[in-house]
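Residue numbers (the UniProt record's numbering): 1 to 300.
So this is what it looks like as structure tokens:
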């Protein structure tokens, strides 16, 4: 009996040692996809182009972000009534324009006739972009103007579900037409949208994890079982805290690296939190104020 217990103890010790080695030394420090090639340190991700400085999800915001040197543009996508992909966060145009209506029920012409700079206010409270010709762009226009900048594109799960397939197919068509395979990362909170897009694109485009997959990984990580996790995506987009769990954790970041995945945190506008995440080894930080993050990263 003592020998049996001794052998069991040795076996458990070997298993724990292997687990420890795998945890400390990632199987892959990064996804092998071209989207992630050459990445070092923490990436600056302009949330909706950097909405603190220009009207969100507009060509003006993306131009500003590119000028200051961000690494990735982040934006959201809806499909119009006539099948065009437009860059907007909400399911209606009400909050960001001078119009009203649901994006899925409006034509591109109707949407682009609206003033997307109408509600934006600068630090002085001035509406500097109102009546200056700012409009809601199409994904195609963004691809045309910013093909040299990486893009994290969220296919909004708040589109009408019956339009999901049409939205996915049109996104894939545009990626092929503009040869953006290595320049975009496609994500959605809806796990099924991610899986379907990956199927349509035959695995040729980087994919972000949806809410279901993220929850699975975090649960396994907290149970010290992250090595069991089998990824179907290339990157996580996480808040720093969710449902009482602290997700700003170097062990969680390392656990994701062990599975060949990057971890991007959203939406971080606080300087102290930015510094903490940089110190933890976050692969990317999504922020409304990319200038602040760039200044912090350039301090050294």
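Cβ coordinates follow ideal geometry from the N, Cα and C atoms, glycine included.
Non-local C-beta neighbours of residue 33 in its own chain, meaning closer than 7 Å and more than five positions away in sequence, comprise 206, 234, ordered along the chain. Taking a contact to require three or more Cβ pairs closer than 8 Å, the segment 63–74 and the segment 279–292 qualify as touching.
For residue 76, the enclosing beta strand (DSSP E) has its first and last residue at 72–79. In this structure residue 152 touches residue 187 by the C-beta definition: roughly 7 Å separates them, less than 8 Å. In the three-state reduction of the DSSP assignment, residue 225 falls in the coil class.
The segment 154–173 makes no contact with the segment 130–137, as fewer than three CB pairs between them are under 8 Å.
With the rule of 3 Cβ pairs closer than 8 Å, the segment 245–256 counts as touching the segment 220–236. DSSP places residue 160 in the coil class of the three-state scheme, outside both helix and strand. Distance check between residue 274 and each of 36, 38, 43 places 43 closest, using alpha-carbon atoms only. Three or more beta-carbon pairs drawn from the segment 261–276 and the segment 236–249 are found closer than 8 Å, and the two stretches are therefore classed as touching.
Going by DSSP, residue 64 is part of the alpha helix (DSSP H) stretching over 59–68. Looking at the backbone, the Cα of residue 112 and that of residue 203 are separated by about 33 Å. Looking at the backbone, the Cα of residue 247 and that of residue 180 are separated by about 31 Å. Counting C-beta atoms within 10 angstroms of its own C-beta, residue 37 has fewer than 16 neighbours from the protein chains shown and is therefore classed as exposed. Annotation: the continuous alpha helix (DSSP H) that includes residue 108 extends over 108–112. If you keep only unbroken beta strand (DSSP E) runs of at least 3 residues inside the segment 192–246, you get 235–238.
No residue range can be given for residue 261, since it is assigned to no alpha helix (DSSP H) and is classified by DSSP as neither H nor E. In the three-state reduction of the DSSP assignment, residue 88 falls in the coil class.
For the segment 123–191, the full-length alpha helix (DSSP H) segments reaching 4 residues or more read 139–145, 164–177 along the chain. For residue 48, the number of other beta carbons within 10 angstroms of its own is at least 16, and it is reported as buried.
Residue 128 has its alpha-carbon roughly 36 Å from the corresponding atom of residue 182. Boundaries of the beta strand (DSSP E) harbouring residue 287: 284–287, taken from the DSSP string. Here the C-alpha atom of residue 61 lies approximately 14 Å from the C-alpha atom of residue 143.
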